[in-house]
Amino acid sequence: MSPEPATPHPVGTDPAGEQRRSLLAVATRTLAAAGIDSAAAEASLLLAHTLGVEPGRLILVDVVDSEMSRSFLDLVARRSAHTPLQHLTGRAHFGGVDLAVGPGVFIPRPETELLLEWAAPSLTAASVAVDLCSGSGALALGMAASARQLRVHAVENSASALEWLRRNVSEAGEAGERVAVHDADVTDRELPVRLGLHGAVDVVLTNPPYIPVTDELPADVEGHDPHEALFGGGDGMAVITPMIGVIADLLRDGGVVALEHDDSTAHAVIAAFAAEGAFADVTAHRDLAGRPRFVTARRTGR
Ligand SMILES: C[S@@+](CC[C@H](N)C(=O)[O-])C[C@H]1O[C@@H](n2cnc3c(N)ncnc32)[C@H](O)[C@@H]1O
Numbered sequence: 001m002s003p004e005p006a007t008p009h010p011v012g013t014d015p016a017g018e019q020r021r022s023l024l025a026v027a028t029r030t031l032a033a034a035g036i037d038s039a040a041a042e043a044s045l046l047l048a049h050t051l052g053v054e055p056g057r058l059i060l061v062d063v064v065d066s067e068m069s070r071s072f073l074d075l076v077a078r079r080s081a082h083t084p085l086q087h088l089t090g091r092a093h094f095g096g097v098d099l100a101v102g103p104g105v106f107i108p109r110p111e112t113e114l115l116l117e118w119a120a121p122s123l124t125a126a127s128v129a130v131d132l133c134s135g136s137g138a139l140a141l142g143m144a145a146s147a148r149q150l151r152v153h154a155v156e157n158s159a160s161a162l163e164w165l166r167r168n169v170s171e172a173g174e175a176g177e178r179v180a181v182h183d184a185d186v187t188d189r190e191l192p193v194r195l196g197l198h199g200a201v202d203v204v205l206t207n208p209p210y211i212p213v214t215d216e217l218p219a220d221v222e223g224h225d226p227h228e229a230l231f232g233g234g235d236g237m238a239v240i241t242p243m244i245g246v247i248a249d250l251l252r253d254g255g256v257v258a259l260e261h262d263d264s265t266a267h268a269v270i271a272a273f274a275a276e277g278a279f280a281d282v283t284a285h286r287d288l289a290g291r292p293r294f295v296t297a298r299r300t301g302r
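No gaps in the numbering here: position 277 of the sequence shown is 277 in UniProt numbering, and each next residue is one more.
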């Protein structure tokens, strides 16, 4: 038997729609007043999350009961207090991968997808890739998802980040089965040998902690992303400088690396690659806002 057709609302009325629109209007005003960019888009995402639907299907929801309205407005209040959106929804989307995130792990940023895009041609022919400073596993799983023949090693040393990383790898299906997680320090020069990867890696991608400790951070970042994920010592280079020697030892001749950095440290990063004496084609890249964002290089002369 076919289901009863839905009773159409009289022309010009749509009670659930009106309620939805007024909830979204209140939320958008509240978020905008708190200084949240894209307030309308975030309001829709939070309402969709509350109702358990895809944002594009919000319009099909018939009922927003009072309990749901309260939950939604509670999320809006927390977002207005600058809790990151991804901590409220528990998810982050990165490079085509859906990741679980929350307190204790860095929220992947859209600009880091540029490293994945830059590496795409190399990844199609690569066998082994490494994500140093893996956090939630954004780059590691992004690489694994983009190339089915690839084995990926994800290196991270924060206990809380490792929990999220292992969870994301285990929930990533076939791509996750090709990702090995290592609890290790990316500045340890013995790392390539200990992992059995000395001179064996085709591609290294890394988004290390790189903010100079003196920098002031936006409210969404300060107090939410872990300190060890953000700061790279007084000059932003505390992890990067020793990690470049490790990258040189990981890569095979002709292997490539992309390393994200602070917009104030492009020259220091280029100088650190040059000082290692093991790289060619050292190149600075800007992000979509035109800021210096990552450096790429090719291993040479082993
Ligand atoms: C900026 S976050 C990047 C996370 C992830 N790659 C991303 O783009 O979302 C840097 C990560 O490096 C980790 N980390 C910091 N120092 C490290 C070290 N010496 N060895 C291994 N991981 C480190 C932090 O715990 C953090 O998860």
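Backbone N, C-alpha and C define an ideal beta-carbon position, used for all residues, glycine too.
Nonlocal neighbours in the same chain, by C-beta distance under 7 Å from residue i, ignoring five residues either side
i: residue 262; result: 210, 211, 212, 236
i: residue 7; result: Note on residue 7: pLDDT 44, under 50, position unreliable in the model; no value is reported.
i: residue 31; result: 39, 42, 43, 76, 79, 80
i: residue 286; result: 292, 293
i: residue 167; result: 100
i: residue 175; result: 141, 144, 145
i: residue 11; result: Note that residue 11 has pLDDT 48, beneath the 50 cutoff, so the model's placement of it is unreliable and no number is given.
Of the residues the options, the one placed nearest residue i, counting alpha carbons only
i: residue 63; options: 74, 51, 55, 88; result: 51
i: residue 194; options: 143, 68, 246; result: 246
i: residue 190; options: 108, 145, 244; result: 244
i: residue 105; options: 133, 35, 250; result: 133
i: residue 98; options: 197, 250, 169, 232; result: 169
i: residue 214; options: 231, 272, 171; result: 231
With 16 other Cβ atoms within 10 Å as the buried cut-off, status of residue i
i: residue 280; result: exposed
i: residue 201; result: buried
i: residue 390; result: It is not possible to answer for residue 390, since the shown part of the chain is limited to 1 through 302.
i: residue 260; result: buried
i: residue 103; result: exposed
i: residue 267; result: exposed
i: residue 265; result: buried
i: residue 307; result: Only positions 1 to 302 of the chain appear in this structure, which leaves residue 307 out of reach.
Sequence-distant residues of the same chain with beta carbon closer than 6 Å to residue i, five excluded per side
i: residue 49; result: 89
i: residue 19; result: 64
i: residue 197; result: 250
Chain-order list of residues whose beta-carbon lies under 8 Å from that of residue i (same chain, five-residue window excluded)
i: residue 157; result: 183, 184, 185, 186
i: residue 127; result: 149, 150, 151, 202
heavy atom of ligand 2 below 7 Å from residue i C-beta
i: residue 255; result: As presented, the structure is devoid of ligand 2, carrying ligand 1 as its sole ligands.
- Tell me the start and end of each unbroken beta strand (DSSP E) in the stretch 125 to 177 that is at least 3 residues and wholly inside, in chain order. Listed in chain order, the complete beta strand (DSSP E) runs (minimum 3 residues) inside the stretch 125 to 177 are 128 to 132, 151 to 156.
- Task: Would you mind listing the beta strand (DSSP E) stretches within the stretch 248 to 282 that are 3+ residues and don't spill past its ends, in chain order?
- Result: 251 to 260
- Unbroken stretches of the beta strand (DSSP E), 3 residues or longer, contained in the stretch 72 to 131: 91 to 94, 97 to 100
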